[in-house]
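Under numbering that gives the first Met the number 0, the residues of the sequence shown are numbered 0 to 288, in order.
Beta carbons are placed, not taken as given, at the ideal position from N, Cα and C, and that holds for glycine.
Treat the numbers as computed from the prediction; the structure is a model and nothing was measured.
Structure first, commentary second.
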Amino acid sequence: MSITMGRDEWPERGELVVCAVRKLENFGVFVTLEEYGGKEGLIHIAEVSTGWVKHLRDHVREGQKIVCKVLYVDKRRWQIDLSLKAVKEGAKRKKITEWKSEKKAKKWLSLALAATSSKPGISKEELGAIELTFLDAYGSLYDAFEDIVRVGKGVLLELGIKEGDADAIHEVAIANVKLPSVQITGYVELKSPVPDGVEKIKEALVNAEEVVEIKQPDKENAEAENKEKEKDTDAVTVECFYIGAPRYKIRVSAPNYKEAEKVLSDAANTAIEIIKRTGGYGKFHRTLS
């Protein structure tokens, strides 16, 4: 995601932009580009809809927020030509979601920095400088806030943010950002012949749930793996459920499918290994047959 909200830049041809409808004319619609300092663009009537347009008000209205595709940009003449009909519904929803997230992130940053300032409020220049730091590093303020939650305050210090500001931004990020996650399930078949077999199975499932915490890094790659663990451990959860002996469900939540599948495999193997050490039987099933 790359959003240049509030920066003195121009959109690129083919880019999707969020616009506010300003004025309707017989030949088209004048809009302001929300992410580009309110620069003005024009949607020719032929670019409003795939069908015949009799009345523009049947399609757009003043003040409405719409998503358009950039067709042409002439910086010297301050001309931006746009298309409304070229934007598919799925792309429109995604763009609006990104735009709203970016607005929220900008507000969070402003609130955090205002709280650390001894002055009545932080200046636009100071706020803008930190915004640009985030945008240069991540391409998006919201992406920056997500990484702050994953990695911690250290990422802010690495970007040159002052300690006090870093503390405030980190606190606001933790309070407001919910990391995206995916959820997958798998199943293990566990049997133990020993007298306390039920307890052994419970032990195996408890260890499966703790697989993220108990995983130890290799000495050779300790530093790199510890850094990755710091990023991902809090965002990964493993839960085990009884569904009817000898089958048990394992549910994993993680930031992405690749991580989720790896953790699911590790959890299942951990449980199976413990049971096999007691002379029992264990098998992993990705789905119930």
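For residue i versus residue j, is the C-beta spacing smaller than 7 Å?
i: Y186; j: H284; result: yes
i: V69; j: P10; result: yes
i: L189; j: I249; result: no
i: L110; j: I183; result: no
i: A174; j: A270; result: no
i: L178; j: V148; result: yes
i: Y137; j: A128; result: no
i: C239; j: E208; result: yes
i: S139; j: T277; result: no
i: L55; j: L23; result: yes
i: Y247; j: Y241; result: yes
Apart from the five residues on each side of it in sequence, which residues of its chain come closer than 7 Å, Cβ to Cβ, to residue i?
i: D195; result: none
i: K84; result: E46, V47, S48, T49
i: G281; result: V187, E188, L189, A270, I271, I274, K275
i: S180; result: A234, S252, A253, P254
i: S100; result: Y141
Quick one: grab the DSSP three-state call for residue i.
i: G185; result: strand
i: D164; result: helix
i: V210; result: helix
i: K248; result: strand
i: Y289; result: No information on residue 289 is available, as it lies outside the stretch 0 to 288 that the chain covers here.
i: E170; result: helix
i: Y141; result: helix
i: T286; result: coil
i: T31; result: strand
i: K87; result: coil
i: S48; result: coil
i: F26; result: coil
What distance in whole Å lies between the Cβ atoms of residue j and residue i, which are believed to be in contact at a cut-off of 8 Å?
i: G62; j: V20; result: 6 Å
i: G40; j: V30; result: 5 Å
i: D265; j: V205; result: Not quite, the Cβ-Cβ distance comes to about 15 Å (not below 8 Å), so this is no contact.
i: W107; j: V171; result: 5 Å
i: E145; j: V176; result: 6 Å
Could you pull out every residue in the same chain whose Cβ sits closer than 8 Å to the Cβ of residue i, ignoring the five residues on either side in sequence?
i: I160; result: I129, T132, I168
i: L155; result: I147, D164, A165, I168, H169
i: I95; result: V17, K64, V66
Give a yes or no on whether the minimum CB-CB distance between residue i and chain D is below 7 Å.
i: E11; result: Among the chains in the structure shown there is no chain D, since it carries only a single protein chain.
Among residues of its own chain, excluding the 5 on either side of residue i, which ones have a beta-carbon nearer than 6 Å to its beta-carbon?
i: E14; result: V69
i: Y71; result: D80
Is residue i near the ligand FAD - that is, is its Cβ less than 6 Å away from at least one heavy atom of it?
i: A45; result: Ligands in the displayed structure: none, and consequently the ligand FAD is not present.
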